[in-house]
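Engineer:
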Amino acid sequence: MNIVVLVKQVPDSGLARQLDAQLRVDRNGANNVMGELDEYAVEAALQLKEAHGGEVTVLNLGPSQAMETVRKVLAMGADKAVHIEDDAVGGSDALTTSAILAAALGRLEWDLVIAGAESTDSGMGVMPHLLAARTGAPALTGARKIDTDGTAITVEHQRTNGYDVLSANLPAIVSVWDTINTPRYPSLKGIMAAKRKPVETLSLADLGVTEAGPAAAGNEVLSAAERPARTAGQIVTDEGQGGVALAEFLAVEKFI
Amino acid sequence: MTDILVYVPNSGKHAAEVLTLGRSLGDVSAIAFDDASASLAGEYGAAKVYRVDAAGADDYFVDPKATVLIDLARSAAPSCFLLPSTDEGKALAARVAVALENGLLTDVTGLESDGTATQDAFAGGTIVKSKATKGFTLATVKAGSTEPAPAPGSPTVEAVTASVAETDQRVRITERVDEPAGDRPGLAEARVVVSGGRGVGSAEDFALIERMADALGGAVGASRAATDSGFYPHKFQVGQTGTTVSPQLYVAAGISGAIQHRAGMQTSRVIVAVNKDADAPIFGMADLGIVGDLFQVLPQALEEIEKRK
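As they're listed, the protein sequences go chains S and D.
So that you can map any letter, position 144 of the first sequence is 144 in my numbering, and since no number is skipped, the others follow by simple counting.
Count along the second sequence starting at 1, add 1000, and that's the number in my numbering.
(1) Counting only C-beta atoms, is D:E1147 closer than 8 Å to chain S at any point?
(2) Sorted by chain position, which residues of the same chain lie with C-beta nearer than 7 Å to D:A1076's C-beta, five sequence neighbours on each side aside?
(3) Using the C-alpha atoms, what's the distance from D:L1187 back to D:V1220?
(4) List the DSSP bridge partners of D:S1275.
(5) State the DSSP-derived secondary structure class of D:G1221, mapped to helix, strand or coil.
(6) Just curious, the beta strand (DSSP E) that D:Y1007 is in, first and last residue?
(7) Is the shortest distance between the beta-carbon of S:G14 and the beta-carbons of chain D less than 8 Å?
(8) What are the boundary residues of the beta strand (DSSP E) that S:L166 is part of?
(9) Whole angstroms are fine: how far does the CA of D:S1113 sit from the CA of D:R1023?
(10) Is any beta-carbon of chain D found at less than 8 Å from that of S:S167?
(11) Kindly list, in the order they appear in chain S, the residues whose Cβ is closer than 9 Å to that of D:G1115.
(12) Leaving aside the five residues before and after D:V1160 along the sequence, list all residues of the same chain whose C-beta is less than 6 Å from its C-beta, in chain order.
(13) Assign D:L1025 to buried or exposed, taking buried as 16 or more other Cβ atoms, counted over all protein chains shown, within 10 Å of its Cβ.
(14) So which of S:Q158, S:I153, S:V199 has the shortest CA-CA distance to S:P258?
(15) Report the residue ranges of all beta strand (DSSP E) runs contained in full by the stretch 58-86 of chain S; include only those spanning at least 3 residues, in chain order.
(16) Would you please verify whether the beta carbon of S:T269 is less than 8 Å from any beta carbon of chain D?
(17) Closer than 7 Å by C-beta to D:Q1240: which residues in its own chain qualify, once you throw out the five before and the five after it? Chain order, please.
(18) Assign S:L188 to buried or exposed, taking buried as 16 or more other Cβ atoms, counted over all protein chains shown, within 10 Å of its Cβ.
(19) Just verifying my parser: in three-state terms, what is the DSSP assignment at S:Q241?
(20) Contact between the stretch 1283-1290 of chain D and the stretch 226-235 of chain S is defined here as three or more beta-carbon pairs at a separation below 8 Å; is this criterion met?
(21) Mind checking if S:Y185 is an interface residue toward chain D, Cβ cutoff 8 Å exclusive?
(22) Within 10 angstroms of the Cβ of S:D147, are there 16 or more other Cβ atoms? Answer buried if so, exposed if not.
(23) Apart from the five residues on each side of it in sequence, which residues of its chain come closer than 7 Å, Cβ to Cβ, to S:A155?
(24) Could you run through the stretch 1122-1137 of chain D and flag, in chain order, every residue whose CB is less than 8 Å away from some CB of chain S?
(25) Using a Cβ cut-off of 8 Å, which residues of the stretch 41-74 of chain S contact any Cβ in chain D, in chain order?
(26) Three or more C-beta pairs under 8 Å: does that hold for the stretch 64-72 of chain S against the stretch 44-54 of chain S?
(27) What in chain S is Cβ-close to D:N1102, meaning under 9 Å?
(28) From the DSSP output, which residues share a beta bridge with D:P1084?
(29) Against chain D, does S:A143 count as a neighbour if the rule is that its beta carbon must be under 8 Å from one of theirs?
(30) Are any of the Cβ atoms in chain D nearer than 8 Å to that of S:D164?
(31) In three-state terms, what does DSSP make of S:P214?
(32) Short check: CB of D:V1008 to CB of D:A1032, under 8 Å?
(33) How should S:P128 be labelled, buried or exposed, when 16 other C-beta atoms within 10 angstroms of its C-beta is the threshold for buried?
(34) Under 8 Å by Cβ, that's how I've got D:L1298 and S:F255 pegged, so tell me the actual separation to the nearest angstrom.
(35) Using DSSP's beta-bridge definition, name the partner residues of S:N219.
(36) Output needed for S:N278: all residues of its chain with C-beta closer than 6 Å, excluding positions within five of it in sequence on either side, in chain order.
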């Protein structure tokens, strides 16, 4: 079973993040990491490969520094990578991004595409369905469990108050939440082996995509402002009456 | 006449919020697949209801409803099409965007009549204003963005009959399993959220968090540290990788306030924190911070709340 896993490099959500002067996600800092949920997608792909054979291909769209993330996925155990890198991509919206990724998927042989349920930066959570619309493959999103026999696939689609069991025939597109597994760390051997694994770098011209960037976007960002930081209010040290102080505050605020 | 299309998935509060926001922009035409949704649309001031009868659509994931929505969006040519920001709402909006080559805005928290949308970037740290430049304003609306305001009326009802095409039968829903959270409100929609963190210490002791939530009529949440430790199920996680909440009151008990947690609750109106560590970052954003043992403070607060009721 051949699997393509989608990974995105994002600014570390554990540190301060900002938009740049062009109102795009500032990716120039040194604090870029693999999207948090992407690690679970990679782990899911590797486990399926271990059970069914085949190859795992990493597909990434991003600037040259995103190769760090690609290398990490190769070190975790993916077999090869496709890295789409083109200066014209910056400022593209999700619709254009999906057209570029769909063009890349059109060049690959795959039974399954696995992505994280949403990215850590823009967090739209729409890419698998955009790709489903463009490729015609079924989308089984928000999985907390995946089962496949190599022909059909069944997932548990996580809801806030339960789950739905979804099933479809392969090829299919799946996205996963962090409830699905525990991602592995790259081993030293994996890190060494990753250096020799094939990476194909493609441009938009290679993919036949002619429209990208802000001009092709369906929305325009007009302005951005930092939310004013919250300031600390009243601090009470509990010396036996902390609970009473809490109840009093809730009463004043009319919550009780 | 401004025409606003609104997808009404059910009769819940989130759907009422989206209808209310839509009504502030123009005449709402609601899309309802069942009677409860249709009557909610009437209650919240829709001028028109497309009452869709799509027999069998519920047996399949996303595709059949997407086809109906794409057809209606194409024929109604709205200035604005709103859906709730849920997994389903986003999935449907994505399908509409590709089919109509239209721009797409997700998780909007506000929308002005000139089409300017407000969104929170980086989980609330940055406020962004955007506008559609391709087609109409296609947006999913975040829960808790608008106060739902009823405006009962008698909408025109247009019956729409749709059949499920074979190409829309690709993903079958074979089973629906509900794991009810009891009588508590949903995390994303709750007016009050009481969350526990690593400081709660065990799954058993989360009962105290539940009691506090129940005393305030709120939902229970948990930090990532608490869900990763198995104290409480993952689906109750508040934060970057869990649910983003924006309640009127957020009570954080035994939560230090790692950035990944703060990202999920920093837009709450009032924040109360209880933590043993006076240096916990959560105190930097709390309207009331109690430095103390939550196992002393919460039971005493519960007793006091009971007295005052």
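In this text, a Cβ means the ideal position worked out from N, Cα and C, and glycines have one as well.
Structural biologist: The structure says:
(1) Position 147 of the second sequence holds residue 1147 of chain D. It does not: the Cβ of D:E1147 has no partner Cβ on chain S nearer than 8 Å.
(2) Start at 1 with the first residue of the second sequence, and residue 1076 of chain D comes out as number 76. Excluding positions up to five away in sequence, the list reads D1003, L1005, S1029.
(3) Position 220 of the second sequence, counting from 1, holds the residue named residue 1220 of chain D. Position 187 of the second sequence, counting from 1, holds the residue named residue 1187 of chain D. So the two alpha carbons sit approximately 7 Å from each other.
(4) Within the second sequence, numbered from 1, the residue matching residue 1275 of chain D stands at position 275. Looking at the sequence itself, residue 1275 of chain D is Asn, so the reference to Ser does not match. Paired residues: D:V1291.
(5) In the second sequence, counting from the first residue as 1, residue 1221 of chain D sits at position 221. Strand, per DSSP.
(6) Residue 1007 of chain D sits at position 7 when you count from the first residue of the second sequence. Segment 1003-1008, the beta strand (DSSP E) holding D:Y1007.
(7) Stepping through the first sequence from its first residue, residue 14 of chain S is reached at position 14. Interface residue, yes.
(8) Along the first sequence, read from residue 1 onward, the residue named residue 166 of chain S stands at position 166. Run containing S:L166: 162-169, per the beta strand (DSSP E) assignment.
(9) Residue mapping note: residue 1023 of chain D aligns to position 23 of the second sequence, counting from 1. Residue mapping note: residue 1113 of chain D aligns to position 113 of the second sequence, counting from 1. Going by the C-alpha atoms only, they are around 10 Å apart.
(10) Residue 167 of chain S sits at position 167 when you count from the first residue of the first sequence. With 8 Å as the cut-off, S:S167 counts as an interface residue toward chain D.
(11) Taking the first residue of the second sequence as 1, we reach residue 1115 of chain D at position 115. Near D:G1115 there are no residues of chain S at all, since even the closest Cβ is about 10 Å away, more than 9 Å.
(12) Here residue 1160 of chain D refers to the residue found at position 160 of the second sequence. Correct list, in chain order: Y1050, V1052.
(13) On the second sequence, residue 1025 of chain D is found 25 positions in, with the first residue counted as 1. The residue is buried, with at least 16 neighbouring Cβ atoms inside 10 Å.
(14) As displayed, chain S neither begins before 1 nor continues past 256, which places residue 258 of chain S out of reach and without an answer.
(15) 80-84
(16) There is no way to answer for residue 269 of chain S, as the model of chain S reaches only from 1 to 256.
(17) Looking up residue 1240 of chain D in the second sequence gives position 240. Same-chain partners within the cutoff: A1123, Q1260, A1263, G1264.
(18) Within the first sequence, the letter at position 188 stands for residue 188 of chain S. When all chains shown are included, S:L188 counts as exposed.
(19) Translated into positions along the first sequence, residue 241 of chain S becomes position 241. In this structure, S:Q241 counts as coil in the three-state DSSP scheme.
(20) yes
(21) Reading the first sequence from its first residue, position 185 is the one you call residue 185 of chain S. Output row for S:Y185: interface = no.
(22) Reading the first sequence from its first residue, position 147 is the one you call residue 147 of chain S. Exposed, since its Cβ has fewer than 16 Cβ neighbours within 10 Å.
(23) Sequence index remark: in the first sequence, residue 155 of chain S carries index 155 (1-based). It should be pointed out that residue 155 of chain S corresponds to Val in this sequence rather than to Ala. L140, A143, K145, I146, L166, V174.
(24) F1122, A1123, G1124, G1125, T1126, I1127, V1128, K1129, S1130, K1131, A1132, T1133, K1134, G1135
(25) none
(26) no
(27) In the second sequence, residue 1102 of chain D corresponds to position 102, counting from 1. Those within 9 Å of D:N1102 in chain S are L95, G218.
(28) Residue mapping note: residue 1084 of chain D aligns to position 84 of the second sequence, counting from 1. BP columns for D:P1084 point to D:V1141.
(29) Start at 1 with the first residue of the first sequence, and residue 143 of chain S comes out as number 143. Closer than 8 Å: no.
(30) For the purposes of this step, residue 164 of chain S is taken as residue 164 along the first sequence, with counting starting at 1. True, the Cβ-Cβ gap to chain D drops below 8 Å.
(31) As a working mapping, residue 214 of chain S is identified with position 214 in the first sequence. S:P214: helix per DSSP, three-state reduction.
(32) Position 8 of the second sequence, counted from the first residue, corresponds to residue 1008 of chain D. Position 32 of the second sequence, counted from the first residue, corresponds to residue 1032 of chain D. Cβ atoms of D:V1008 and D:A1032: closer than 8 Å.
(33) For the purposes of this step, residue 128 of chain S is taken as the residue at position 128 of the first sequence. Classification of S:P128: buried, given that the 10 Å Cβ count is 16 or more.
(34) Residue numbering aside, residue 1298 of chain D sits at position 298 when the second sequence is read from its first letter. Residue numbering aside, residue 255 of chain S sits at position 255 when the first sequence is read from its first letter. At roughly 15 Å, the Cβ-Cβ gap does not stay under 8 Å, so D:L1298 and S:F255 are not in contact.
(35) Residue 219 of chain S sits at position 219 when you count from the first residue of the first sequence. Answer by DSSP bridge pairing, in chain order: D:A1132.
(36) The structure shown does not extend to residue 278 of chain S, since chain S is modelled only from 1 through 256, so no value can be given for it.
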